[in-house]
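**Student:** Next up is a structure, given as structure tokens.
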């Protein structure tokens with residue numbers, strides 16, 4: 047059985063200067079997740 051899912055998240059608020067992207071990548075790796083993160087203007 048295929049257990050793939052797609053999720054689109056948008057996080058807002060104070061994410062600069064708190065290592066948000068680094069922590070997100072680390073947690074995703076621990077959970078076996080794949081994806082990408084980008085900053086919006």
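In the numbering used here, the protein residues as written are 47 to 87. Just so it is clear, CB atoms sit at the ideal spot from N, CA and C, and this is done for glycine as well.
#1: Please determine, among 82, 68, 87 and 78, the residue with the shortest C-alpha to C-alpha distance to residue 49.
#2: Taking just the CA atoms, how far does residue 47 sit from residue 82?
#3: Entirely within the region 62-86 and at least 4 residues each: give me those alpha helix (DSSP H) ranges in chain order.
#4: Could you give the distance in angstroms between the alpha-carbon of residue 72 and the alpha-carbon of residue 56?
**Tutor:** Judging by the given coordinates:
#1: For the purposes of this step, residue 49 is taken as residue 3 along the chain shown, with counting starting at 1. Of 82, 68, 87 and 78, the residue nearest in Cα terms is 78.
#2: Counting from 1 along the chain shown, the entry for residue 82 is found at position 36. Counting from 1 along the chain shown, the entry for residue 47 is found at position 1. Spanning the two alpha carbons is a distance of roughly 25 Å.
#3: 66-77
#4: Translated into positions along the chain shown, residue 72 becomes position 26. Translated into positions along the chain shown, residue 56 becomes position 10. Spanning the two alpha carbons is a distance of roughly 18 Å.
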